[in-house]
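Quick note on our numbering: the sequence shown kicks off at 81 and runs consecutively.
Glycine included, every Cβ here is placed at the ideal spot set by N, Cα and C.
Reviewing the structure listed below.
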Amino acid sequence: MSFRSLKSFFPTADDLLRQDLPTLCAILVTHLKSYEGLNTVYQYAGLNCAYFRAMLENRNVGLGTLPKEPEYGARQPEVTKRMMEAWNWLERQGLLIRNDEQAADWFIISTDGEKLLKSGELTLQENSGVGVSPHKTASQLFRWEDLDRRFMLLAIEEAKKSVAEDDRPHPYVGVVIVKDGKILATGYRGESGDGDHGEYCALKKLNETDVQGATVYTTLEPCSTRKPPKRSCTKRLIDSKVMRVVYGIADKDESVYGHASLAEAGIEIGVFPNDLMQELLALNKAWSDSLRVKPIIPPNDTSPLANASYYKLGTSMHDNIHLFVRPPKNAGGFYTVEDAAKNVLAHGRTIDEIAVEWHRIDRQKVIVEKLVRQGSGSSNRLLNLV
Ligand SMILES: [Zn+2]
């Protein structure tokens, strides 16, 4: 493979800066590979990170004749910054690995990197004809998602091992923690004890410094609150300084805000693609269906604590609306607001709760529906309508 300058991929700085990181990384690894044999960035069977930066900045660091890299004029500093981000990304994903036989800054392309590069070269040859846009070639040559997807699939396999602690429906949660392309730990819900969350089960196998900068694949949005002294998984992930969290399905429970907290902590968030999400939704259907279900409150025949009647001006008295507040029928039951046909219009656990509902319904009738309140009465101060 002969040398391919960045300019041959991206004619302008705008073309280059427009690319997403995966595409840019695909180009960078191809570009770096093309240095082989040039004795500059590539020497001693390895690649030098500092030399690469020097090349981009057109600094003379005794490299001999260099291919002319600072090709983007005044935009070069932006390009340099972006290319170094791409280098770091390749490193984090384990596609470039440190060459321990050399002092700092020397890297080699990992086996995985070479493999991806190989499939990339084939695509490049197939598409080397005129008129192929660099962007199109890049995304064909390097399917970044494939790497992510491998770990997502593994997390789903882990999820299937989840153990429920009782008869109620619980989610299936699997977790894979990856750093520099290597799997550090896996876990699933209930693995280490009754009701233990998947993230917790995986994280407890590692110490916090190991996890720093890692990507955590989890099949469910991490939880955001746990009864003290337990820490929520979101808090654990933030405290461990993970770099990225990729989750499968959002938690349907309205009180969960793992996504929001992680994003606010500066953690990059990814989600599983739709086909895997659908697979997880099917796996978790029983649990999911048990959430956000409005309880059906049966009417009760207790003596009302309050009543009110409403009518519309000019209508027959037969059209009057009668409403009642009734106390719970038995322990653990609800206070209800019911109409004459025993439809439950509102319910509450306490007299204060039902009083709020009672006043809300009254305002609705009088102000919004423009009904006239004909009469009302209550034995309870809180339920008096004025
Ligand atoms: Zn959790």
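- Of the candidates 324, 415, 109, the residue whose Cα lies closest to the Cα of residue 430 is 415.
- Of the candidates 375, 340, 198, 90, 90 places its Cα closest to the Cα of residue 163.
- At a Cβ-Cβ threshold of 7 angstroms, residue 325 and residue 197 do not count as neighbours.
- DSSP, read as helix, strand or coil, puts residue 359 in helix.
- Short note on residue 303: C-beta closer than 6 angstroms to some heavy atom of ligand 1.
- The beta carbons of residue 275 and residue 268 sit no closer together than 7 angstroms.
- Close CB contacts of residue 386 within its chain, under the 6 angstroms cut and outside five residues either way in sequence, are with 405, 458, 463 (chain order).
- Classified as exposed, residue 398 has fewer than 16 neighbouring CB atoms from the shown chains inside 10 Å of its CB.
- A distance below 6 angstroms between beta-carbons, with the five flanking residues on each side excluded, links residue 186 to the following residues of its chain, in chain order: 126, 128, 179.
- Distances from the CA of residue 172 to each of 328, 138, 134, 228 were compared; the closest alpha carbon is that of 228.
- Here the C-alpha atom of residue 121 lies approximately 15 angstroms from the C-alpha atom of residue 183.
- A distance criterion of 6 angstroms places the beta-carbon of residue 281 beyond contact range of ligand 1, judged by its closest non-hydrogen atom.
- Here residue 301 really is in contact with residue 329; their C-beta atoms are around 7 angstroms apart, less than 8 angstroms.
- Put simply, the backbone Cα of residue 384 is about 16 angstroms away from that of residue 442.
- Between residue 101 and residue 154 a beta carbon distance of about 23 angstroms is seen, past the 8 angstroms cut, so the two are scored as non-contacting.
- Placement of the Cβ of residue 250 at a distance of 6 angstroms or more from every heavy atom of ligand 1 is found.
- Inclusion of residue 403 and residue 388 in the CB contact set at 7 angstroms is warranted, their separation being smaller than that value.
- In the same chain as residue 344, and ignoring 5 residues on each side of it, no C-beta atom comes closer than 7 angstroms to its own.
- By a beta-carbon distance limit of 8 angstroms, residue 234 contacts residue 256. Their separation comes to about 5 angstroms.
- Residue burial is scored here from C-beta neighbours: residue 175 has at least 16 other C-beta atoms within 10 angstroms and is therefore classed as buried.
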